[in-house]
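Numbered per numbering that gives the first Met the number 0, the sequence shown finishes at 298, counting up by one with no gaps.
The beta-carbon is built from N, C-alpha and C at its ideal position, and this holds for glycine as well.
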Amino acid sequence: MTRTVQVNDREKTASRLLSSSAKNSYDPEVDIDWQAPLAEDKPYLPLHRSTLYGTPLWERLTEEQRIELTKHEFASIASNGLWFEVLLMQMLLKDFYHRDPRTQHAQYALTEVADECRHSTMFAKACDRIGAPAYGPFRILHEGGRILPAVLKGPSAYASILVAEEILDRIQRDQMFDEQVQPLVRMVNRIHVMEEARHVTFAREEVVRGMRECNPAQRAYHQFMTSLVGYCIIKALINPDVYKAVGLRPATAYRTAMENPHWWETIRWSGEKIMAFLDEVGLVGKPGMPLWRKAGLIG
Ligand SMILES: [Fe+2]
Ligand SMILES: [Fe+2]
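Structure, rendered in structure tokens:
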């Protein structure tokens, strides 16, 4: 199946991405006005993307509480983006360690690490600016995540990077043009979406190249590992503590959110593009199906 997917020469792609990075990169320290006042009446996510939207708990919240909840949901998503970026930087550095540093490919990997350093700083500053905690994932994922850079390599390493990047991309792209959303959030998302487009190209091509060289046993292994990381990424997005900010019991509100058909639809929508790609390259297979279904990325 992977043989049908076209892929460019590795050095040519890296060279193109390097020149695009040189022309089009952002420094959130200077490109975002961190002192600008927040718009008090604007949510931090479109309201219909809140985890509780459409539930009886949502109906009981005032307009102010709904905006406050989206602020904390945004902080949870952004800080989990940061968490995964820190892990993927380690994976990229591990890849770089074995390569000839003179190649364009190796140099682009370093450039991507530099991008991710700025993104993680940007997400951290955004949480701080809006006055929300940098929630990160819940404890077991925080601890378990540390082994990822050590065990993941090859196509499932790049596919895992892609799952995180493309899910976040779908969510952020939707908001960057939405004038109802908080301007600071839109600016953060715009910078991230523009720079991530290059990362997606880089990782997609690495996945295609890697899958071409896999035998059936390796293919099954990468199918399972990608679904495992994909499941963890979805589970990490919302930290149950966000509900404390609007006076809800975390366990009850989290259960309501995880049973909310609107939230399931948001998850399915956020993964639509990446799941189509993973399927096309042969990374969606039997070993991973239970976890893809449990994550809500496949119906
Ligand atoms: Fe990033
Ligand atoms: Fe990235």
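Excluding the 5 residues flanking Val-192 on each side, which residues of the same chain have their C-beta closer than 7 Å to its C-beta?
Cβ neighbours of Val-192 beyond the five flanking positions: Asp-168, Gln-171, Arg-172, Met-175.
Kindly indicate which three-state DSSP category Pro-55 falls into: helix, strand or coil?
Helix.
How would you write the range of the alpha helix (DSSP H) that Val-112 sits in, first residue to last?
Looking at the DSSP string, the run of the alpha helix (DSSP H) that includes Val-112 is 103-129.
With a threshold of 6 Å on Cβ separation, who are the neighbours of Glu-142 within its own chain once the five nearest residues in sequence on each side are excluded?
Counting only Cβ-Cβ distances below 6 Å, and skipping sequence neighbours, we find nothing.
Ser-24: which of Asp-114, Glu-67, Gly-144, Pro-36 sits nearest, CA to CA?
Of the listed residues, the one whose Cα sits closest to Ser-24 is Asp-114.
What does a CB cutoff of less than 8 Å around Asn-7 pick up in its chain, not counting 5 residues either side in sequence?
Excluding sequence neighbours, Asn-7 sits near Glu-204.
Which residues, in chain order, sit with a beta-carbon under 6 Å away from any heavy atom of ligand 1?
Here the list is Glu-84, Glu-115, His-118, His-191, Glu-195.
So, with DSSP's three-state summary, where would you put Leu-17?
The answer is helix: DSSP assigns Leu-17 an H, G or I state.
Entirely within the region 151-193 and at least 4 residues each: give me those alpha helix (DSSP H) ranges in chain order.
Segments of the alpha helix (DSSP H) lying fully in the region 151-193: 154-175.
Verify the contact flag: Glu-164, CB atom, against every heavy atom of ligand 2, threshold strictly below 7 Å.
Yes; taking the cut-off as 7 Å, the Cβ of Glu-164 has a heavy atom of ligand 2 nearer than that.
Residues in the same chain with beta-carbon distance under 7 Å from Tyr-134, minus the five sequence neighbours each way, listed in chain order, please.
Hits under 7 Å: Ala-74, Ser-75, Ser-78, Asn-238, Asp-240, Val-241.
So, with DSSP's three-state summary, where would you put Glu-72?
Reduced to three states, the DSSP call for Glu-72 is helix.
Can you determine whether any heavy atom of ligand 2 sits closer than 7 Å to the C-beta of His-261, and answer yes or no?
Result no, Cβ not under 7 Å from ligand 2.
Give me the Cα-Cα distance between Thr-1 and Arg-292, rounded to the nearest whole angstrom.
At Thr-1, the pLDDT of 44 sits below 50, so the modelled position is not reliable and the matter cannot be decided from this model.
What's the gap between the Cα of Thr-225 and the Cα of Cys-231?
Near 10 Å, if we compare the C-alpha coordinates of Cys-231 and Thr-225.
His-198: beta carbon under 7 Å from a heavy atom of ligand 2?
At least one heavy atom of ligand 2 is nearer than 7 Å to the Cβ of His-198, so yes.
Express the C-alpha separation of Pro-42 and Arg-65 in angstroms, rounding to a whole number.
Cα-Cα distance, rounded: 8 Å.
What separation, rounded to the nearest whole angstrom, lies between the Cα atoms of Glu-62 and Ser-269?
Between Glu-62 and Ser-269, the C-alpha separation is close to 25 Å.
What does the Cβ neighbour count give for Ile-160, buried or exposed, with the cut at 16 atoms within 10 Å?
With 16 or more other Cβ atoms within 10 Å, it is buried.
Using only alpha-carbon positions, find the residue among Thr-54, Thr-12, Leu-68 that is nearest to Gly-246.
It is Leu-68 whose Cα lies nearest to the Cα of Gly-246.
Would you call the CB atoms of Val-206 and Pro-260 closer than 8 Å?
Contact: no.
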